[in-house]
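Visitor: Here it is, the structure in full.
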Amino acid sequence: MANPTELAPLPESLQTAIDRLTDEGNELHEAGELAQALERFTAALARFPEPAEAYQGGAAVIAAIADLHFSMRDFTAARAGFLRARAAEEGGEDSPWLSLRLGQIELELGESAEAHLGHALRAGGPELFDEEDPKYFAFITARVPPPAGCERWEDARLG
């Protein structure tokens, strides 16, 4: 797993070009233009020297591409991207958000999702599921008991 202090910086001109593409990709994603957003993020990733994970921001672009694949319901491509990002990111194996996405993908593919969704719930709390399809929260809360002192997972909310 890469250590962020060891990640190589990109030359300023290259970083500027990548930032422009990812900003455009984010705007397109927010506007629901997923295919165009994917094109921008893919173009941004192509600008990184190989391996992109060795450079600052590389894992984030990989995760953004994976998230677009998830939104487009291309779960096989999404899983490959999230696994790549998780391996590259310092603490990636502990990331509640990456665990959430990997668990969602497993559930969609009919595979065992309990380990990843359970980690996402325990580490990220119920709030992590707020913007997601309620089926994921229902699936995991039926299988993972709430923390001590709480009768249900809703009682474990931070605020």
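Going by the working numbering, the first residue of the sequence shown is number 1309, and it counts up by one from there. Glycine included, C-beta positions come from ideal geometry on N, C-alpha and C.
Starting from the Cα of Gly-1340, find the closest Cα among Ser-1379, Ala-1354, Ala-1423 and Ala-1367 and give me that residue.
Guide: Ser-1379
Visitor: Can you find the residues in the same chain that come closer than 8 Å, C-beta to C-beta, to Leu-1342, ignoring five residues on each side of it along the sequence?
Guide: Leu-1336, Leu-1376, Ser-1379 and Met-1380
Visitor: By how many angstroms is the C-alpha of Ala-1374 removed from the C-alpha of Glu-1320?
Guide: 25 Å
Visitor: Can you tell me the Cβ-Cβ gap for Gly-1333 and Arg-1348, rounded? I've got them flagged as a contact below 8 Å.
Guide: 4 Å
Visitor: Whole-angstrom Cβ separation of Leu-1315 and Ile-1326, contact assumed at under 8 Å?
Guide: Between Ile-1326 and Leu-1315 the Cβ distance is about 14 Å, and since that is not below 8 Å, they are no contact.
Visitor: Using only alpha-carbon positions, find the residue among Asp-1382, Ala-1395 and Thr-1384 that is nearest to Ala-1368.
Guide: Of the residues Asp-1382, Ala-1395 and Thr-1384, the one whose Cα lies closest to the Cα of Ala-1368 is Ala-1395.
Visitor: Mind checking Arg-1460: buried by the 16 CB within 10 Å criterion, or exposed?
Guide: exposed
Visitor: In or out: Glu-1397 buried (at least 16 other Cβ within 10 Å) or exposed?
Guide: buried
Visitor: Quick check: what's the CA-CA separation for Ala-1310 versus Glu-1361?
Guide: Bear in mind that a pLDDT of 48 at Ala-1310, under 50, signals an unreliable position, so the model cannot answer this.
Visitor: From the DSSP output, read off the bridge partner residues of Tyr-1444.
Guide: According to DSSP, Tyr-1444 shares a beta bridge with no other residue.
Visitor: How long is the line joining the alpha carbons of Thr-1350 and Gly-1457, rounded to whole angstroms?
Guide: 46 Å
Visitor: Nearest to Glu-1414 by alpha carbon, out of Glu-1401, Phe-1437 and Thr-1384?
Guide: Thr-1384
Visitor: Under the rule that 16 or more other beta-carbon atoms within 10 Å means buried, what is Gly-1418, buried or exposed?
Guide: exposed
Visitor: Among the residues of its own chain, which have a CB less than 6 Å from the CB of Phe-1352, if the five just before and after it don't count?
Guide: One point to set straight first is that residue 1352 is Ala, not Phe, in the sequence displayed. Correct list, in chain order: Ile-1326, Leu-1329, Thr-1330 and Val-1369.
Visitor: Please report the distance separating the alpha-carbon of Gly-1492 from that of Ser-1403.
Guide: Examination of residue 1492 is not possible in this model, given that the chain is present from 1309 through 1467 alone.
Visitor: Can you round the beta-carbon distance between His-1424 and Gly-1432 to whole angstroms, since I take them to be within the 8 Å contact cut?
Guide: Rounded, the Cβ-Cβ distance is 11 Å, inconsistent with contact.
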